[in-house]
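Trainee: The structure is given below, and queries will be raised subsequently.
Residue numbers (this note's numbering), protein chains in the order written: chain A, 1 to 254; chain B, 255 to 606; chain C, 607 to 1023.
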């Protein structure tokens, strides 16, 4: 550099002096906790009430860091039937192996796994980085609510289903209101409003039982027993509801 | 001017002088080091040390204690005695130079008649220390660092000496105390002035050359930590490394003090305003003036060190050949020019 | 070791130094020094050949694998003649993790979680490559919203990558301040990306068929607000580094790469653009939504380190322009197709070219109909950028080597996978 320095050096000096005058942007952790967004992948939380031990999370994990032990339990029902269900013995995530990719949370069909922004769980021993079921359940207290989505996004399917059901119910109520306002008879307003309430399918509660005829039909077709039982139950509920609705409608018109 | 510590009993005076010098030598570089940590941090938009005691004041003493308890590693291929002595050879000249630098009115170790000559001669001994460290480490990176360092120090001695020579020429004496007193009597068009105005070029030259002498950026190629790890200091750990670091900060303090003495009027608060001699309680006026003067010198040293830190934060490194070219082709001609101008002004005083 | 006409001298200080002298048993005059270390106890032999002049042997120096200047574990074995480099050989493989073999045992979603780790500074761009490969094989039509958001994320990732190299280049040359400023900007952008994806470095956001989930409320507004802030900061980097005379002196004329040599070595990305060749996959083979956008490709003139740095800063500006265009265009709609539980690519093979921030990245996917690929070969841009080092370092000074290493943009995880 055989020439004398020019303005560029002074501009640099001015910039560093200006930076010195403005307050620093450092967040003094651990005195100040960082403000993490809700979607931050800090730790995985488990709601073991929802888990049916389908093992999808353990299968999909790229590192195979989820350890699941379960056993089957048969529960007797009335009528000599039995029902088997899975009991979760051990659910452990080894966070020393975990890649924090989130695939396990994404594939869980029963919403048992959640992300939590907690990140301060360092330990002095690697063995303690394997979190067992109880500790994973405790992380559930730190799971934030799902974030509101950006403008223009499609609403999530659960929210969309709830919205359509609510819209349908509002439409039906409006229709009922329009129908009753047209009838001149004031005495049928009560029945109409009562009928309007009961006409919705979700109001009729039927205790599910296995319809014997349908069950035998399905078994004869070669359907597996568990599936046949479920289908027979559904058939029973549907026919019962139809019958009750017909009774009520018949009671009205009578 | 009388030395405040010139007591009747020479042994007591000696012990007092050496003791105070050592305390100064051990404490002030730590203060400058703390200044470096904090100033550098704020220039980089961060806080710097905050946890040690209060806002990080205990950081450097804590570092010193940490270095004490580190393992003392000696590479097996290293030349044992040369390796062990190198930090001492780098550190001791700084203490010795401090004996002649005036830190206030009456506050100095010894007022040598050849003060600046002594200071510059002794401070060039640390070239040997660096070469010893670089060679004896048996490490290619250290060797390269040591050789680069030797070339750089030799090249930048000349602007340093020539800029000091211009001041000596103007003051008429080589004694540092005498130079301060000459500045007290110096006037430009009737206004008392220090030497930084007529010798602004000399001040800049001396400052830049002292940056190069201390291996401070932008001249820190010998210890370029992204290339040759740490140059000649790579193999040093523990207390030996602490000595090298102390030598660097002490060198900063000493060379800044010399700059303040040569160009910025030493202990004078303003041009023509000496520290006042007022009696406070039982402390005699001369001691009070000495303390105030010491404070003034310390302030000037801190300001000059701030400039060094500011340069460190802003500039990248100069390459070795660019460094050498700048010294031999730019700085030395300018220094010679400065000496010539001062000589002419001395013979034909214009506007003094 | 003595031979006729050769006098050897023993220099004291022999032994086993840390990273110092290496001597081999099989040295003959005329042969370069070997790379293998000699046994302990060997001292440095100086062979003096001939009677006319004293010629010293070249010193072999290992830069790395642990070194502050190489971006990761890259080892460069240089032969030094004083301070001038006569020969340089990069030794790679210290970070090989077997990505391509791992990919043969993972299904596509797991591969996306893995593949954002080889070039960790541009994680999302890597994921996009894999997703595009599978989508093209399945001939899926990804929804518009997903494609626009993918483009936005790719460009933010490009800015993250370039900011990192802006900071580290200054650091290697001795300017210790720009790196802090660059990382301050990176923190802001990473906070934004974390609000959408959950991760700051490894996003795992792209999926075959779209994205994992939609953006959170306020993301597009925050993006729009961040763009002018970063523009102001890029101006500051120009002031602090690009206009600095010391920086110019260190980088102008250093590591000149002619365009034909660059194309021979297969160099791509900002390194190639600085040499003057405007080859950019976003323009020549537009993927995602780059075909509908105005993509500016800054090029340099000389191909030296200064031009590479200048191109880097200009590319940050160009990416900010692209982001502003994208923010005007994001439509509403679904963000992912309804994919089956297990994604199986049909039999066949495909090669996808994407413009990663470091250069042109490619994925060669051979599938046999199962849910894991038969072979996934990655063409990584850093590999070719590093292969150019012997040519660039020939005849350079040791200090220039640092400037060159810093200006040839590579990430060692990308070189080795």
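Backbone N, C-alpha and C define an ideal beta-carbon position, used for all residues, glycine too. Please read all numbers here as calculations on a predicted model, not as lab measurements.
1. Give, in chain order, every residue of the region 312-340 of chain B whose Cβ lies closer than 9 Å to some Cβ of chain C.
2. Between the Cα of residue 86 (chain A) and those of A:51, A:33, A:116, spot the shortest distance and give me the residue it belongs to.
3. In angstroms with no decimal places, state the Cα-to-Cα distance between residue 407 (chain B) and residue 588 (chain B).
4. Under three-state DSSP, which class holds residue 1015 (chain C)?
5. Where does the unbroken alpha helix (DSSP H) through residue 71 (chain A) begin, and where does it stop?
6. Could you compute how far the alpha carbon of residue 9 (chain A) sits from the alpha carbon of residue 564 (chain B)?
7. Give me, in chain order, the residues of the same chain whose beta-carbon lies closer than 6 Å to that of residue 633 (chain C); leave out the 5 immediate sequence neighbours on both sides.
8. Compute the Euclidean distance between the alpha carbons of residue 985 (chain C) and residue 302 (chain B), then round it to the nearest angstrom.
9. Suppose the cutoff is 6 Å on Cβ atoms and the five residues either side in sequence are ignored; what does the same chain contact list for residue 820 (chain C) look like?
10. For residue 868 (chain C), which residues of its own chain have a beta-carbon under 8 Å away from its beta-carbon, when the five flanking residues on both sides are left out?
11. Smallest Cα separation from residue 435 (chain B): which of B:296, B:529, B:281?
12. For residue 242 (chain A), would you say it is in contact with chain C, using Cβ-to-Cβ distances shorter than 7 Å as the test?
13. Check the Cβ-Cβ distances between residue 299 (chain B) and every residue of chain E, and say whether any is below 7 Å.
14. Use the C-beta contact count for residue 208 (chain A): other C-beta atoms within 10 angstroms, 16 or more gives buried, fewer gives exposed.
15. Using the three-state DSSP reduction, which class does residue 318 (chain B) fall into: helix, strand or coil?
16. Give the straight-line distance between the Cα atoms of residue 134 (chain A) and residue 38 (chain A), rounded to the nearest whole angstrom.
17. Measure the CB-CB distance between residue 548 (chain B) and residue 361 (chain B) and report whether it falls below 7 Å.
18. Examine the Cβ distances between the region 328-336 of chain B and the region 222-231 of chain A and report whether three or more of them are shorter than 8 Å.
19. What number of angstroms, rounded off, separates the C-alpha of residue 255 (chain A) from the C-alpha of residue 118 (chain A)?
20. What does DSSP give as the partner residue(s) for residue 812 (chain C) in the beta ladder?
21. Would you give the residue range spanned by the alpha helix (DSSP H) that residue 756 (chain C) belongs to?
22. Under 7 Å, CB to CB, which of the residues in the region 708-724 of chain C have a partner in chain A?
23. Which residues share a DSSP beta bridge with residue 86 (chain A)?
24. For a test of the three-state rule: what should DSSP assign to residue 491 (chain B), helix, strand or coil?
25. Check this for me: beta carbons of residue 848 (chain C) and residue 753 (chain C), under 7 Å apart or not?
26. Looking at C-alpha atoms only, which residue of C:921, C:854, C:714 is the closest neighbour of residue 950 (chain C)?
27. What residue does the alpha helix (DSSP H) around residue 279 (chain B) start on, and which one ends it?
28. Around the C-beta of residue 437 (chain B), are 16 or more other C-beta atoms found within 10 angstroms, so that it is buried, or is it exposed?
29. Would you call residue 110 (chain A) buried or exposed, if buried means 16 or more other Cβ atoms sit within 10 Å of its Cβ?
30. Looking at the C-beta of residue 40 (chain A), does it have a partner C-beta in chain C at a distance below 7 Å?
31. Let me check you understand the geometry: is the CB of residue 360 (chain B) closer than 6 Å to at least one non-hydrogen atom of the ligand GTP?
32. Does the Cβ of residue 288 (chain B) have 16 or more other Cβ atoms within 10 Å, making it buried, or fewer, making it exposed?
33. 7 Å is my cut-off, CB to CB: does residue 644 (chain C) come that close to chain A?
34. Given a limit of 9 Å on CB to CB distance, which residues of the region 860-876 of chain C reach chain A?
35. With respect to the beta strand (DSSP E) encompassing residue 981 (chain C), which residues constitute its N-terminal and C-terminal limits?
36. Looking only at its own chain, which residues have a Cβ that is under 8 Å from the Cβ of residue 937 (chain C), when we skip the five neighbours before and after it?
Mentor: Quick look at the numbers:
1. Under the 9 Å Cβ criterion, the region 312-340 of chain B contributes 329, 330, 331, 332, 333.
2. As a working note, residue 86 (chain A) is residue 86 in the first chain. The residue with the shortest Cα to Cα distance from residue 86 (chain A) is A:51.
3. As a position in the second chain, residue 407 (chain B) is number 153, starting the count at 1. As a position in the second chain, residue 588 (chain B) is number 334, starting the count at 1. Near 18 Å, if we compare the C-alpha coordinates of residue 588 (chain B) and residue 407 (chain B).
4. In the third chain, residue 1015 (chain C) corresponds to position 409, counting from 1. Coil, per DSSP.
5. Against the first chain, residue 71 (chain A) aligns to sequence position 71. Annotation: residue 71 (chain A) is outside any alpha helix (DSSP H); the continuous beta strand (DSSP E) that includes it extends over 66-76.
6. Working through the first chain from its first residue, we reach residue 9 (chain A) at position 9. Working through the second chain from its first residue, we reach residue 564 (chain B) at position 310. Cα-Cα distance, rounded: 12 Å.
7. Along the third chain, one-based indexing puts residue 633 (chain C) at 27. At residue 633 (chain C), the pLDDT of 40 sits below 50, so the modelled position is not reliable and the matter cannot be decided from this model.
8. Looking up residue 985 (chain C) in the third chain gives position 379. Looking up residue 302 (chain B) in the second chain gives position 48. Taking the straight line from one Cα to the other gives about 42 Å.
9. To locate residue 820 (chain C), count along the third chain from 1; it is residue 214. Same-chain partners within the cutoff: 941.
10. Residue mapping note: residue 868 (chain C) aligns to position 262 of the third chain, counting from 1. The residues are 877, 878, 881, 883, 909, 994.
11. Taking the first residue of the second chain as 1, we reach residue 435 (chain B) at position 181. Ranking the options by Cα distance to residue 435 (chain B), first place goes to B:529.
12. By 1-based counting over the first chain, the position of residue 242 (chain A) is 242. No, residue 242 (chain A) does not count as interfacial toward chain C.
13. Note that chain E does not occur in the displayed structure, where the protein chains are A, B and C.
14. On the first chain, position 208 is the one that residue 208 (chain A) refers to. Counting Cβ neighbours within 10 Å, residue 208 (chain A) comes out exposed, since fewer than 16 surround it.
15. As a working note, residue 318 (chain B) is residue 64 in the second chain. In the three-state reduction of the DSSP assignment, residue 318 (chain B) falls in the helix class, which pools H, G and I.
16. Looking up residue 134 (chain A) in the first chain gives position 134. Looking up residue 38 (chain A) in the first chain gives position 38. Roughly 23 Å separates the two Cα atoms.
17. On the second chain, residue 548 (chain B) is found 294 positions in, with the first residue counted as 1. On the second chain, residue 361 (chain B) is found 107 positions in, with the first residue counted as 1. Yes; because the gap between Cβ atoms is below 7 Å, this pair is in contact.
18. Contact between the region 328-336 of chain B and the region 222-231 of chain A is absent, because fewer than three Cβ pairs lie under 8 Å.
19. For residue 255 (chain A) there is no data in the structure shown, the boundaries of chain A being 1 and 254.
20. By one-based count along the third chain, residue 812 (chain C) stands at place 206. Per DSSP, C:817.
21. To locate residue 756 (chain C), count along the third chain from 1; it is residue 150. Element bounds for residue 756 (chain C): 750-779.
22. Residues passing the 7 Å Cβ filter: 712, 715, 716, 719, 720.
23. Counting from 1 along the first chain, the entry for residue 86 (chain A) is found at position 86. Answer by DSSP bridge pairing, in chain order: A:72.
24. Mapped onto the second chain, residue 491 (chain B) falls at position 237. If DSSP states are grouped into helix, strand and coil, residue 491 (chain B) belongs with coil.
25. Working through the third chain from its first residue, we reach residue 848 (chain C) at position 242. Working through the third chain from its first residue, we reach residue 753 (chain C) at position 147. At least 7 Å separates the beta-carbon of residue 848 (chain C) from that of residue 753 (chain C).
26. As a first step, residue 950 (chain C) is located in the third chain; it is residue number 344 there, counting from the start. Among C:921, C:854, C:714, the Cα nearest to that of residue 950 (chain C) is on C:714.
27. Within the second chain, the letter at position 25 stands for residue 279 (chain B). Looking at the DSSP string, the run of the alpha helix (DSSP H) that includes residue 279 (chain B) is 264-297.
28. Sequence index remark: in the second chain, residue 437 (chain B) carries index 183 (1-based). Residue 437 (chain B) counts as buried, since at least 16 other C-beta atoms from the protein chains shown sit within 10 angstroms of its C-beta.
29. Here the question's residue 110 (chain A) lines up with position 110 in the first chain. Residue burial is scored here from C-beta neighbours: residue 110 (chain A) has fewer than 16 other C-beta atoms within 10 angstroms and is therefore classed as exposed.
30. Within the first chain, numbered from 1, the residue matching residue 40 (chain A) stands at position 40. At a cut-off of 7 Å between beta carbons, residue 40 (chain A) contacts chain C.
31. For the structure depicted, the ligand GTP is absent and the ligand set is empty, with no information on it obtainable.
32. Numbered from 1 along the second chain, position 34 holds the residue referred to as residue 288 (chain B). By the C-beta density criterion, residue 288 (chain B) is buried, having at least 16 other C-beta atoms within 10 angstroms.
33. By one-based count along the third chain, residue 644 (chain C) stands at place 38. Only weak support is given to the placement of residue 644 (chain C): the predicted model assigns it a pLDDT of 44, under 50, and the question is left unresolved by the model.
34. Of all residues in the region 860-876 of chain C, none has a C-beta nearer than 9 Å to a C-beta of chain A.
35. Sequence index remark: in the third chain, residue 981 (chain C) carries index 375 (1-based). From DSSP, the beta strand (DSSP E) with residue 981 (chain C) extends over 981-985.
36. The residue labelled residue 937 (chain C) in the question sits at position 331 within the third chain. Correct list, in chain order: 750, 751, 754.
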